[in-house]
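2 protein chains.
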Amino acid sequence: MSDALQREPRDVRMIGFADRSSVNEAVEWIDRYSRICDAESIALNAAIGRILAEPFVSPTEDPPTDTAITDGYALRSCETVGAGSYNPLPFSMQDYHSALRPFSAALVTSGTPHPMGADAVAPFDLAQAGTDIVHLIGSVARGEGVNAKGQEIRKDTLLIEGLRPLRASDLGLISSFGINQVRVLRRPLVRIILAGRKSSQGYKLADANGLMLRAHVVRDGGAVEICKYGITDRDKLAKWIARPGADLVLVCGRTGVGLDDEAPLALAAVGTLDLHGIAMRPGGSTGMGSAGQIPVILLPGSPLDCLCAYDLFAGRLIRNLSGRGPWLPYRVQQAKVGRKIVSSVGTMEFCQVRLIAGEAIPQGTADSGGLSSVARADGFISIPATLEGYAPGATVNVYTYDSTHEVEGIWK
Amino acid sequence: MSDALQREPRDVRMIGFADRSSVNEAVEWIDRYSRICDAESIALNAAIGRILAEPFVSPTEDPPTDTAITDGYALRSCETVGAGSYNPLPFSMQDYHSALRPFSAALVTSGTPHPMGADAVAPFDLAQAGTDIVHLIGSVARGEGVNAKGQEIRKDTLLIEGLRPLRASDLGLISSFGINQVRVLRRPLVRIILAGRKSSQGYKLADANGLMLRAHVVRDGGAVEICKYGITDRDKLAKWIARPGADLVLVCGRTGVGLDDEAPLALAAVGTLDLHGIAMRPGGSTGMGSAGQIPVILLPGSPLDCLCAYDLFAGRLIRNLSGRGPWLPYRVQQAKVGRKIVSSVGTMEFCQVRLIAGEAIPQGTADSGGLSSVARADGFISIPATLEGYAPGATVNVYTYDSTHEVEGIWK
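These protein sequence lines are chains A and B, in that order. Residue 212 in this note's numbering sits at position 229 of the first sequence, with consecutive numbering throughout. Residue 124 in this note's numbering sits at position 141 of the second sequence, with consecutive numbering throughout.
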């Protein structure tokens, strides 16, 4: 029956993978595509979480003049010496626009410029207010309640380092200089081609993978160029792989060793298939190559395999391109293995675990449970190819799915 | 001059705060509004990160019939006993739709139903394929390569616990049952009223706070009902506070003790002002109350004060309402204080810090630096009201701003 097939080089259909690449080799392949994207200018109000392309340097000094930072009375600090509850000292009221006269005070509010000649602001609780006269019942030190010209920020000071995600407070800071555009790294455009077949229940696995992949591409800083469902034959796959316009192409499904696993052959037809078959579970049928300088990653169609291969390889590449750095976006937490975990030597395995009282409890084996094992899990562990598994009590790193965690209250 | 003011109860303008609430009292006030929002049905493809309202239970079993999980030959495992490279055993090929005949095998691909009578799938690397006959060169155990009916998921199994954020993999799992709607908690609608004045540079501080608050409301699971700029006088503020339609109203700016600090009086005019003035820095002029059962939080207009009061109080309330839990969405990391930090007894202070070689280096004092101190910082620490500060070497919890961090490679 296999004689009926037209054989291409590296066609593994109905034969199996003769040799598999290690996870490490696959990661090295990914990291060869680590150039970050170019920069673009976007509106500041759309820039939350985007990666700042260049360091942000203060365009002016702040404050540009001496400025009150508390509400109260601007005055000369030296004239308040000796003021107290039993020795209230009178000051004539004037407005803050004109230079301060001797033994006078001007009502100021936080953020207003300081009248010339004043060097401090006395807060209201140190004063007894009257209509034309205010009595000080305490002294203030020089500089109290005042931000001197340039005290907060000198011109040309580095305020935000480049190549980090913009925080909400950064948007506020940039905006406070009257700037409403910002240079950020362009998001890599990711094409998703879903080549999966229907599941045993008649539902399209492609739909499951499509939703999952779209959400993860965005999480990792990419933008979905197009998400194309139901591309199943070799010629159509090849056409969609070769079409220009994306920074990265993901093909999901038809990557295995079955008769209809056309994705590797489609990639080989229009580019190169550099790796196919990786010594890992789930995700062992992952492939990588390129078409017209653009990296192409072949993800398995089974959703758990797809997820695992996405996170390790495709997500890493998107995080590299988007300037986020290659690391998995999961918090790492140490735990003791709560139940024996068996793994095959020669294959890196990933095991979903629950965290119960500091112990990592495996949720089935690497292959079992599909996405429901992920839904039940708090995170996953990796078992290196050199190990047969972990004995109960071994210390492991758990990659946890949720980034917000209860911490001790800071209020008391 | 104060005599010219029409005095309302709790009017602190030009007097100062007679007594301040503790941060703890303010947090208790917030937590009295901890009811989560009601549920709504939304499209599954828009549900990433939303909080699942009810536990998700499997509507069917999976797989519904015995199903191949590897590509290969479906057959009877007992008939492969004794097969080996020196003893290839022949099997007649048939299609997988009909019941398996004795000593026959059917080509299957992962995800296809298993032919009746078969109990295992031999992978391609255990077989020598021919046109009508396949020779097995190894034996397979019963169940190998097969998912039995209901093996992955029984009907009515709890798959996703309620009240947690939906992960990308959850969307895939739900979708794999052919479901495309999901019940999630409604996002609390947050009205943002910006009452700030122009900064000393002529730029509107309101703009800085508006961008910052909008981004944080979304981060904490809320939706911005409306973000209204430039509302400055008492009557207009009162009108915007009292207008129905939001789950929470934030007023930003005009909360202090200056002459134009109308926000507390506007709230008191249409509702109640329960707290005003909190023993904390930055953020000491924060106020809280309600109008028509709706909580209203008055945030200071200075951006760093606004940020701090938002995170501790407004953000906490939004996280409560949205079902995310009250905790600050920052990862906590222990560090040693690298330089003496001075703080006032009686006031809880927040200090921006950089993390350098495991040491927390303060970026100015609680009040200084504005948002640029946040931009330079890796996180912040809190200094309890009972302490005068921290000596170098003291261990503190740092709330870190970035949630993704380099971790040791898992690849080797």
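Glycine included, each C-beta is placed from N, C-alpha and C at the ideal position. From a predicted model like this one, the values you see are computed outputs, not experimental measurements.
Among the options, which residue has its Cα nearest to the Cα of residue i?
i, options, result
"residue 330 of chain A", "A:164, A:61 and A:266", "A:266"
"residue 31 of chain B", "B:192, B:158 and B:179", "B:158"
"residue 16 of chain B", "B:273, B:77, B:60 and B:102", "B:273"
"residue 231 of chain A", "A:325, A:110, A:23 and A:293", "A:293"
"residue 75 of chain A", "A:86, A:67, A:121 and A:69", "A:86"
"residue 28 of chain A", "A:262, A:240, A:149 and A:281", "A:149"
"residue 102 of chain B", "B:127, B:318 and B:233", "B:127"
"residue 25 of chain B", "B:61, B:168 and B:108", "B:168"
"residue 152 of chain B", "A:253, A:326, A:297 and A:360", "A:360"
"residue 228 of chain B", "B:191, B:166 and B:275", "B:275"
"residue 270 of chain B", "B:5, B:-3 and B:-2", "B:5"
"residue 195 of chain A", "A:284, A:84, A:130 and A:156", "A:284"
"residue 371 of chain A", "A:327, A:384 and A:215", "A:327"
"residue 286 of chain B", "B:312, B:238 and B:249", "B:238"
"residue 224 of chain B", "B:255, B:242 and B:311", "B:255"
"residue 397 of chain B", "B:34, B:203, B:178 and B:115", "With chain B running from -16 to 395 in the structure shown, residue 397 of chain B is simply not present."
"residue 234 of chain B", "B:197, B:-5 and B:264", "B:197"
Using 10 angstroms around the beta-carbon of residue i, count the other beta-carbons present and answer buried if the total reaches 16, otherwise exposed.
i, result
"residue 336 of chain B", "buried"
"residue 23 of chain A", "exposed"
"residue 113 of chain B", "exposed"
"residue 41 of chain B", "buried"
"residue 20 of chain B", "buried"
"residue 390 of chain A", "Interpretation of residue 390 of chain A is limited by its pLDDT of 37, a score under 50 that renders its predicted location unreliable; no figure is taken from the coordinates."
"residue 61 of chain A", "exposed"
"residue 244 of chain B", "buried"
"residue 63 of chain A", "buried"
"residue 56 of chain B", "buried"
"residue 119 of chain B", "buried"
"residue 53 of chain B", "buried"
"residue 373 of chain B", "buried"
"residue 375 of chain B", "exposed"
"residue 144 of chain A", "exposed"
"residue 408 of chain B", "An answer regarding residue 408 of chain B cannot be provided, because it is not within the stretch -16 to 395 covered by chain B."
"residue 38 of chain A", "exposed"
"residue 392 of chain A", "With a pLDDT of 40 at residue 392 of chain A, under the threshold of 50, the predicted position of this residue should be treated as unreliable, though the coordinate-derived value follows. By the neighbour-count rule (16 or more Cβ atoms within 10 Å), residue 392 of chain A is not buried but exposed."
"residue -4 of chain A", "buried"
"residue 130 of chain A", "buried"
"residue 70 of chain A", "exposed"
Output yes if chain D places a C-beta closer than 9 Å to the C-beta of residue i; else output no.
i, result
"residue 106 of chain A", "As a matter of chain content, chain D is missing from the structure shown, whose protein chains are A and B."
Per DSSP, residue i forms a beta bridge with which residues?
i, result
"residue 235 of chain B", "B:177 and B:282"
"residue 332 of chain A", "A:264 and A:366"
"residue 222 of chain A", "BP columns for residue 222 of chain A are empty, so no partner."
"residue 345 of chain B", "B:336"
"residue 255 of chain A", "A:273"
"residue 322 of chain A", "Bridge partners of residue 322 of chain A: none, in fact."
"residue 119 of chain B", "B:72 and B:110"
"residue 378 of chain A", "A:319"
"residue 212 of chain A", "A:177"
"residue 372 of chain B", "B:325"
"residue 50 of chain B", "B:96 and B:130"
### Message
Residues of the segment 230 to 255 of chain B in Cβ contact with chain A at a cutoff of 9 Å, in chain order, please.
### Response
Listed in sequence order: 239, 240, 241, 242, 243 and 244.
### Task
Output, in sequence order along the chain, the residues in the segment 373 to 384 of chain B whose CB is closer than 9 Å to any CB in chain A.
Those would be 380, 382 and 384, in chain order.
### Message
If the cut-off is 8 Å on Cβ atoms, which residues from the segment 301 to 312 of chain B count as contacting chain A, listed in chain order?
### Response
In summary, the residues of the segment 301 to 312 of chain B whose CB is separated from some CB of chain A by less than 8 Å are 307, 308, 310, 311 and 312, in the order they occur in the chain.
#### Entry: Within the segment -15 to 46 of chain A, ranges of the alpha helix (DSSP H) (whole runs, at least 4 residues)
The qualifying runs are 6 to 14.
### Query
Which parts of the segment 52 to 101 of chain B are runs of the beta strand (DSSP E), unbroken and 3 residues or longer, counting only runs that do not cross its ends?
Whole beta strand (DSSP E) segments, 3+ residues: 55 to 58, 72 to 77 and 87 to 91.
### Query
Which residues, in chain order, does the segment 346 to 373 of chain A contribute to contact with chain B at a C-beta distance below 8 Å?
Flagged, chain order: 350, 351, 352, 353, 354, 355, 357, 358, 359, 365 and 367.
### Task
Could you name the residues of the segment -4 to 7 of chain B whose beta carbon sits closer than 7 Å to any beta carbon of chain A, in the order they occur along the chain?
Residues passing the 7 Å Cβ filter: -3, -2, -1, 6 and 7.
### Contact list for the segment 199 to 217 of chain A against chain B, Cβ threshold 9 Å
Considering only beta carbons, the part of the segment 199 to 217 of chain A lying closer than 9 Å to chain B consists of 199, 201 and 202, in chain order.
### Task
For the segment 318 to 332 of chain A, enumerate the residues whose C-beta is nearer than 7 Å to any C-beta of chain B, in chain order.
Those residues of the segment 318 to 332 of chain A that come within reach of chain B (Cβ to Cβ, closer than 7 Å) do not exist; the list is empty.
### Message
If we require 4 or more residues per run, which alpha helix (DSSP H) segments fall completely within the segment 128 to 162 of chain A?
### Response
The DSSP assignment places 151 to 158 as complete runs of the alpha helix (DSSP H) inside the segment 128 to 162 of chain A, in order along the chain (cut-off: 4 residues).
### Query
Going along the segment 273 to 301 of chain B in order, which residues come within less than 7 Å of chain A, judged by CB to CB distance?
Listed by position along the chain: 285, 286 and 290.
### Query
Taking any Cβ of chain A, which residues in the segment 145 to 163 of chain B have a Cβ under 8 Å from it, in chain order?
Cβ contacts with chain A: 147, 148, 150, 151, 152, 153, 154, 155, 156, 158, 159, 160 and 161.
### Query
At a Cβ cut of 8 Å, what residues of the segment 16 to 33 of chain A count as close to chain B, listed as they run along the chain?
Legend: CB atoms of the segment 16 to 33 of chain A lying less than 8 Å from CB atoms of chain B belong to residues 27, 28 and 31.
#### Entry: Within 9 Å of chain A by C-beta, residues of the segment 70 to 99 of chain B in sequence order
The segment 70 to 99 of chain B vs chain A, Cβ under 9 Å: 76, 90, 91, 92, 93, 94, 95 and 96.
### Message
Please list, in chain order, the residues of the segment 126 to 141 of chain B that have any C-beta partner in chain A closer than 7 Å.
### Response
From the segment 126 to 141 of chain B, only 135 and 136 have a Cβ closer than 7 Å to chain A.
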